[in-house]
Amino acid sequence: MAERSFSWSGYGHDALQRLAAPWRLATQLEKLSRIARGAREAFEFAVLGDAEPGRYWFSRALFNRPGVFARQLSAIQSQPVDFMIQLGDMVSCGRPNLYQRFFEQLEGVGISKPYLTVLGNHDRSNPHGGSHSRLYRSLFGRSNYHFDYGGVRFVVLDSSRQRVTKAQLKWLSMVFDTPLRKLVFTHIPPVMLRLWGGAVAHHMGGFSDGAHEFTDLMSDMGVERVYMGHVHGFGVQDYKGVRYILTGGGGSPLYPCGVERFHHYLTVSIGPHGISERVHPLDGSSFHIPPGKVLLAEA
Ligand SMILES: [Fe+2]
């Protein structure tokens with residue numbers, strides 16, 4: 000897809016594609032397919048949020064804590080999880096040299112678990128304006144996809160343009176037409192969850208276009224969880240019968256905002272017993288997210 004139109008900033012197209020090859024969606028799904036899980040078998044997977052270190056030098060200088068993403072990636076390799084999903088914003092801006100650094104970082108960690116990705120706004124050509132995702136898709140693959148694993152349908156939705164389109168909603172309706180359990184992973188939260196900054200600035204942390212249709216569909220189709228990033232913190236809300244979990248603390252700067260702000264990743268246990276999440280902050284401790292209605296994300 001129009002790969003020759005990119006500015007490669009001195010880094011060769013072929014070399015970058017070679018670096019990306021192990022991390023492509025198709026490669027990672029093939030790796031996952033070698034781990035067999037029965038439809039009623041319990042298993043665990045990990046969810047890790049935003050990694051980009053800050054788009055501007057001053058935000059990196061003020062708020063970034065280098066090395067956190069790599070530390071958490073490394074810690075996940077020791078967890079009894081079958082695979083992990085990264086919720087987007089891997090790089091500060093979707094340029095070849097930044098993806099190069101990112102792939103080199105992945106190689107340096109020594110990742111053994113299948114690594115699946117979600118497209119974030121920063122992974123696009125311009126994080127906060129007109130942009131495209133051709134480079135991301137040339138490196139990783141599709142940005143809307145699903146796969147089945149152990150009796151669960153995992154659905155990855157591209158909300159990186161701060162919207163969910165009618166075509167995506169139609170695709171979701173088809174994908175959800177299954178007796179399997181359903182989990183959704185997307186970068187940006189729907190705006191009504193108010194996961195960012197309360198009444199004044201919450202629009203910065205959520206998508207509006209298609210938000211009501213999206214949340215209604217999650218409820219109507221019996222989705223058990225929606226995991227989201229974009230806002231660099233942690234929060235949980237139950238909305239119209241669906242639990243939405245913000246886990247944006249993968250390593251990106253913890254800007255002042257109206258959420259619980261700490262670096263962390265999740266391990267998720269799912270099986271006949273139900274589904275539950277354990278939160279792993281950077282200090283090595285962990286805690287379960289309690290069942291029932293919780294509101295840990297209000298401003
Ligand atoms: Fe984002």
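In terms of numbering that gives the first Met the number 0, the sequence shown has 68 at position 69, counting the first letter as 1, and numbering is strictly consecutive. Here a beta-carbon is modelled for each residue, glycine too, at the ideal position from N, C-alpha and C.
Exposed unless 16 or more other CB atoms sit within 10 angstroms - verdict on F101:
With 16 or more other Cβ atoms within 10 Å, it is buried.
Pairwise C-alpha distance: K239 and L18:
Distance between the alpha carbons of L18 and K239: 43 angstroms.
Reducing DSSP to helix, strand and coil, say where F101 ends up.
For F101, the three-state secondary structure derived from DSSP is helix.
Segments assigned alpha helix (DSSP H), at least 4 residues, entirely inside the stretch 64-103:
Correct list: 67-76.
Pairing CB atoms from the stretch 104-112 with CB atoms from the stretch 141-149, are three or more of them under 8 angstroms?
Taking 8 angstroms as the limit for Cβ pairs, the verdict is that the stretch 141-149 does not touch the stretch 104-112.
CB-CB length for L245 against G232, believed under 8 angstroms
Right, the Cβ-Cβ distance comes to about 7 angstroms (below 8 angstroms), so this counts as a contact.
According to DSSP, simplified to helix, strand and coil, what is P21?
Assigned with DSSP and collapsed to three states, P21 falls in helix.
Determine the direct distance from the alpha carbon of F57 to that of V151, and round the result to whole angstroms.
Roughly 43 angstroms separates the two Cα atoms.
Taking the Cβ atom as the reference point for each residue, do I75 and Y264 lie within a distance shorter than 8 angstroms?
Yes, the Cβ-Cβ distance between I75 and Y264 is below 8 angstroms.
What did DSSP end up calling R3 once you bin it into helix, strand or coil?
Its pLDDT being 42, under 50, R3 is placed unreliably in this model, and the coordinates cannot settle the point.
Secondary structure at G107, three-state DSSP: helix, strand or coil?
Correct three-state label for G107: helix.
Going by DSSP in three states, A296 sits in which element: helix, strand or coil?
For A296, the pLDDT reaches just 49, beneath the cut-off of 50, and the residue's location in the model is therefore unreliable, although a value from the coordinates is still provided. Correct three-state label for A296: coil.
Can you tell me where the beta strand (DSSP E) with M227 in it begins and where it stops?
Annotation for M227: the continuous beta strand (DSSP E) segment containing it runs R224 to M227.
For Y114, name the three-state secondary structure that DSSP assigns.
Y114 falls in the strand class under three-state DSSP.
Please list, following the chain, all residues that have a C-beta closer than 5 angstroms to any non-hydrogen atom of ligand 1.
Those residues, listed in chain order, are D88, G119, N120 and H229.
If we count Cβ pairs, one from each stretch, closer than 8 angstroms, do we get three or more for the stretch 77-90 versus the stretch 19-38?
With three or more CB-CB distances shorter than 8 angstroms, the stretch 77-90 counts as touching the stretch 19-38.
Can you give the Cα-Cα distance for T185 and S172, rounded to whole angstroms?
Per the coordinates, the alpha-carbon of T185 lies some 16 angstroms from the alpha-carbon of S172.
Select from T116, P255 and R39 the residue whose C-alpha is nearest the C-alpha of V339.
Outside the displayed range of the chain (0 to 298) lies residue 339, so it cannot be described from this structure.
With burial defined as no fewer than 16 other Cβ atoms inside 10 Å of the residue's Cβ, what is the status of L61: buried or exposed?
Exposed, by the Cβ-count rule.
Considering only heavy atoms of ligand 2, does any lie closer than 7 angstroms to the CB of V46?
This structure simply doesn't include ligand 2; it includes ligand 1 instead.
Could you give the first and the last residue of the continuous beta strand (DSSP E) run that contains S218?
It is not in any beta strand (DSSP E) - S218 instead sits in the alpha helix (DSSP H) that spans A210 to D219.
Do G204 and G48 come within 8 angstroms of each other at the CB atom, strictly closer than that value?
Going by beta carbons, G48 and G204 fall outside the 8 angstroms limit.
Can you tell me which of V163, G149, G128 and S158 puts its alpha carbon nearest to the alpha carbon of P178?
Closest option to P178, Cα to Cα, is G149.
DSSP state of V235 mapped onto helix, strand, coil
Three-state DSSP puts V235 in a strand.
Do you know offhand how far S284's Cα is from I187's?
When rounded, the separation of the alpha-carbon atoms in S284 and I187 is 27 angstroms.
Taking 8 angstroms as the cut-off, decide whether the C-beta atoms of R160 and G209 are in contact.
No.
On the DSSP letters alone, give me the boundaries of the alpha helix (DSSP H) that S58 sits inside.
Segment W56 to F62, the alpha helix (DSSP H) holding S58.
Determine the closest residue to Y254 out of A166, R54, W22 and A41, with distance taken between C-alpha atoms.
Residue R54 is the option with its Cα nearest to Y254.
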